[in-house]
Amino acid sequence: MARINEIRDGVFAVSTDNWRLNSGVVLGSRRALVIDTGAGPRQAREILEAVRSLTGLPLTVVNTHAHYDHFLGNAVFQRAGAEDFWAHRGCAAAIQAHGDFQRSFVGTHEPEMAAAEGPDTRLVVPNRHLPGTGRRPALTRVDLGERAAVLFSFGPGHTDNDLCVGVDDVVFTGDLVEQGADPSFDDSYPRGWATALESLAALDRYQVFVPGHGNPVERGFVLQQARLMRTAIERVDASEAAAAQPDGMRPVTASMFRLPYNPGAARILLDRLERIRAEDAATEELAALSAPLPPGD
1 MARINEIRDG VFAVSTDNWR LNSGVVLGSR RALVIDTGAG PRQAREILEA
51 VRSLTGLPLT VVNTHAHYDH FLGNAVFQRA GAEDFWAHRG CAAAIQAHGD
101 FQRSFVGTHE PEMAAAEGPD TRLVVPNRHL PGTGRRPALT RVDLGERAAV
151 LFSFGPGHTD NDLCVGVDDV VFTGDLVEQG ADPSFDDSYP RGWATALESL
201 AALDRYQVFV PGHGNPVERG FVLQQARLMR TAIERVDASE AAAAQPDGMR
251 PVTASMFRLP YNPGAARILL DRLERIRAED AATEELAALS APLPPGD
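Residue numbers for the sequence shown follow the UniProt record's numbering, so the first one is 1 and each next one is one higher.
In structure tokens:
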């Protein structure tokens with residue numbers, strides 16, 4: 001059953017058990033904004049039930065990025081009347097290209113979605129995008145009536161299509177911030193991610209940061225996550241430099257167990273940095289959009 005946490009007047013986090021997901025709800029006088037829809041119709045219906053316990057207003061949806069647990073529930077909200085689905089332009093492109101592939105990640109909790117069988121299992125690709133075509137598009141405001149939500153992006157970080165949603169002094173961060181687990185580096189841009197966290201923490205207007213997973217946090221948590229990521233990257237860089245010396249150790253041997261993450265996350269971080277460096281470390285441009293690895297146990 002979904003749990004509702006009223007963070008500010010008319011601003012709610014809706015938490016569901018599967019994937020420890022936090023969705024968001026922001027109430028205006030004319031519309032309600034729903035942030036992230038879950039991994040399929042089962043979870044999405046839990047979220048929608050919670051939303052409808054708060055308001056009967058027409059709905060607008062935001063997907064914070066193109067990972068399955070944040071967008072595969074869109075069809076439930078479309079059936080509930082939502083017409084506008086906002087996202088980074090790259091998020092829409094990634095869902096279009098890789099959404100069907102990501103069904104394979106949800107079979108345990110969302111068997112209908114995994115099989116693409118049954119009501120509300122079709123992909124709904126976001127149809128409203130932040131303006132601009134670059135990797136860091138311009139911010140936009142979504143008018144809800146007597147209140148607006150601000151959608152903005154810091155560029156590549158957790159993915160190449162992250163956005164945040166700010167309202168009053170609360171910001172919904174998607175998976176740029178994650179509480180209770182190590183960051184998921186699978187298709188990330190770690191250097192850009194650390195910068196994004198620093199930039200997010202520098203926005204003085206926001207006092208409460210609602211992560212994609214886990215409990216709401218304060219600014220200090222965001223800064224600490226940024227520092228840990230910087231530390232990890234610096235240690236990998238140092239190990240690379242050491243490996244370049246005669247008789248140097250390979251970077252994975254030299255640095256893996258000195259990183260401030262569990263061994264699984266550390267290995268993915270190392271692999272990700274190596275891949276980005278091999279393809280173009282200067283611009284962090286991948287040749288194609290990628291999809292996340294399946295979650296570990």
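For each residue, glycine too, the CB sits at the ideal point set by N, CA and C.
- The beta carbon of P260 sits closer than 8 Å to those of L228, T231, A232, all from its chain and outside the five residues before and after it, given in chain order.
- Nearest in C-alpha terms to W19, of all of A149, V106, F154, L200, is V106.
- Out of S29, L27, N74, I95, the CA that lies nearest to the CA of G38 is found in N74.
- Under the DSSP assignment, S199 falls in the alpha helix (DSSP H) whose first and last residues are 190 to 201.
- Residues L130, P131, G132 of the same chain have their beta carbon placed closer than 7 Å to that of A138, with the five preceding and five following residues left out of the count.
- Secondary structure note for E49: its alpha helix (DSSP H) is the uninterrupted segment 41 to 54.
- Taken through DSSP and simplified to helix, strand or coil, E6 comes out as strand.
- Take E146, set aside five residues on each side of it, and the residues of its chain with a beta-carbon closer than 7 Å to its own are G28, S29, in chain order.
- Between the alpha carbons of L48 and N262 lies a gap of roughly 35 Å.
- Annotation for F105: no alpha helix (DSSP H) segment contains it, and DSSP assigns it neither H nor E.
- Distance check between L223 and each of R103, A196, E240 places A196 closest, using alpha-carbon atoms only.
- Between the alpha carbons of P190 and V167 lies a distance of about 27 Å.
- Burial state of T108 is exposed, judged by a 10 Å Cβ sphere holding fewer than 16 other Cβ atoms.
- Non-local C-beta neighbours of E110 in its own chain, meaning closer than 6 Å and more than five positions away in sequence, comprise A39, G40, R42, ordered along the chain.
- Sorting R31, V124, G192 by C-alpha distance to the C-alpha of D100 places V124 at the top.
- Residues C164, F209, P211 of the same chain have their beta carbon placed closer than 6 Å to that of T173, with the five preceding and five following residues left out of the count.
- For L21, same chain residues with a beta-carbon under 8 Å away, outside a window of 5 residues either side, are S15, D36, G38, A39, Q43, D69, H70, G212, H213 in chain order.
- Inclusion of D84 and R128 in the CB contact set at 8 Å is warranted, their separation being smaller than that value.
- Judged by their CB atoms, R135 and D160 are nearer to each other than the 8 Å cut-off.
- For D69, the enclosing alpha helix (DSSP H) begins and ends at 68 to 71.
- Taken in chain order, the unbroken stretches of beta strand (DSSP E) that lie wholly in the stretch 81 to 163 and span 3 residues or more are 85 to 87, 140 to 143, 148 to 152.
- The C-beta of E6 has fewer than 16 other C-beta atoms within 10 Å across all chains shown, which makes the residue exposed.
- Going by DSSP, N22 is part of the beta strand (DSSP E) stretching over 21 to 27.
- Around the C-beta of P119, fewer than 16 other C-beta atoms lie within 10 Å, and the residue is accordingly described as exposed.
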